[in-house]
Structures are given as structure tokens and as C-alpha cells.
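Asks:
In the working numbering, the protein residues as written are 276 to 435.
1) Could you pull out every residue in the same chain whose Cβ sits closer than 8 Å to the Cβ of residue 310, ignoring the five residues on either side in sequence?
2) Less than 7 Å between C-beta atoms, sequence neighbours within five positions excluded: which residues of the same chain meet that for residue 357?
3) Give the DSSP bridge partners of residue 391, in chain order.
4) Looking at the secondary structure, which residues open and close the beta strand (DSSP E) in which residue 316 lies?
5) For residue 409, which residues in the same chain have their Cβ closer than 7 Å to its Cβ, ignoring the five residues on either side in sequence?
6) Name the DSSP beta bridge partners of residue 285, please?
7) Is the stretch 390-405 touching the stretch 331-346, taking contact as three or more C-beta pairs under 8 Å?
8) In whole angstroms, what is the alpha-carbon distance linking residue 385 and residue 335?
9) Give the single residue among 369, 417, 383 whose Cα lies nearest to the Cα of residue 392.
10) Sort 330, 313, 414 by Cα distance to residue 370 and report the nearest one.
11) Tell me the DSSP secondary structure of residue 361 in three-state form.
12) Buried or exposed, going by whether 16 or more other CB atoms sit within 10 Å of the CB of residue 374?
13) My assumption, with CB atoms under 8 Å, is that residue 331 sits in contact with residue 387. Please give the rounded CB distance.
This is the structure we're talking about:
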């Protein structure tokens, strides 16, 4: 059924369909938890990195789902939704991650969570997997899901 060397899981970028990934992760944890627990690496890009982050840090998936739905509700209050100038996706997502991720999230995620970034200098794909602090993990996660480069530690190095 599964290869002897193990397996990896990947959550693609999908914008506001990120709640779909949360549903998939929830189903896997409920119906086939060995697939998540036995995965060598969990990859994520853009919105998929949110679910990958939650799984690798063992944060509460239900809270993550509530946060994503709250973000969507907040965006829908505005005429242009998430494109409205007063909507601050980075602020909303950062506060949710700071609240919901465990304090040792960076330790749990390092070497297991791989967040896909694009390096500006040459357009190469880079997988970030080592995090020195919970805040750095959150910074990389936010960078992957938003174009607000001035709020991120590595703005000149990577593109979304």
C-alpha cells in the first residue's frame, strides 16, 4: 500500500479555499491519523502552509478552521472584500497564529514542516524548514500567504 521509505504530504496554495485543506486534514486525522503521524515531511505553499503548520505543530485544527472562517467573514464586510484598503490579512492571521500555535511550535515544525517560497533574485523555489523561534515560523508563514513584503523579516529575498 505505502512505500517502505515512508511518505510526504503536500498542501498546495489555494487562497481563500484554504478552509478546504483544513477539512482534508481534519478528515485524515479522524479517519487515517497514521497518514499524518507517519509522514516524513509536510509541505505547504501559501494557504496550504497554514494547514501544514497546524499539523506539524499539533495546534488545534478546529481553532484554525474558526480563524479562517472569521477572516472570510471579516473580508466580506467590505465592498472589495480582502482587497479593501482597510482589510489587514497579515494582522488577522498573525494574531490567530500567535494565539493558537504552541510556544514550542518552531521546535515541533523544524525539519518536518517545509514552506515553499520563491527567491526574488533568481526566481528559484526555496523550501524553508528550519525555524529559530515561534515568531520566525509565523513570519515565514505570513510571508507565504500575503504580498505585504515590508512586514516580513526576509522581504528582499523572497516573493509570494
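Virtual Cβ for every residue (Gly too), placed ideally from N, Cα, C.
Replies: Straight from the coordinates:
1) For this step, residue 310 is matched to residue 35 along the chain shown. Hits under 8 Å: 282, 284, 303.
2) Counting from one through the chain shown, the residue named residue 357 turns up at place 82. Answer for residue 357: 350, 364, listed in chain order.
3) Taking the first residue of the chain shown as position 1, residue 391 is located at position 116. Note: residue 391 sits in a beta bridge opposite 402.
4) Here residue 316 refers to the residue found at position 41 of the chain shown. It spans 316-319 - the beta strand (DSSP E) in which residue 316 sits, taken as one unbroken run.
5) One-based indexing of the chain shown puts residue 409 at position 134. Result list for residue 409: 376, 378, 380, 381, in chain order.
6) Counted from its first residue, the chain shown places residue 285 at position 10. Bridge partners of residue 285: 318.
7) Fewer than three Cβ pairs drawn from the stretch 390-405 and the stretch 331-346 lie within less than 8 Å of each other, which leaves the two stretches out of contact.
8) Locating residue 385 in the chain shown gives position 110, where the first residue counts as 1. Locating residue 335 in the chain shown gives position 60, where the first residue counts as 1. Cα to Cα, residue 385 sits roughly 18 Å from residue 335.
9) Translated into the one-based positions of the chain shown, residue 392 becomes position 117. That would be 417, whose Cα lies nearest to the Cα of residue 392.
10) The residue labelled residue 370 in the question sits at position 95 within the chain shown. For residue 370, the nearest C-alpha among the options comes from 414.
11) Here residue 361 refers to the residue found at position 86 of the chain shown. In this structure, residue 361 counts as coil in the three-state DSSP scheme.
12) Indexing the chain shown from 1 puts residue 374 at position 99. Counting Cβ neighbours within 10 Å, residue 374 comes out exposed, since fewer than 16 surround it.
13) Here residue 331 corresponds to residue number 56 of the chain shown, with the count starting at 1. Here residue 387 corresponds to residue number 112 of the chain shown, with the count starting at 1. About 5 Å separates the two Cβ atoms, so the contact holds.
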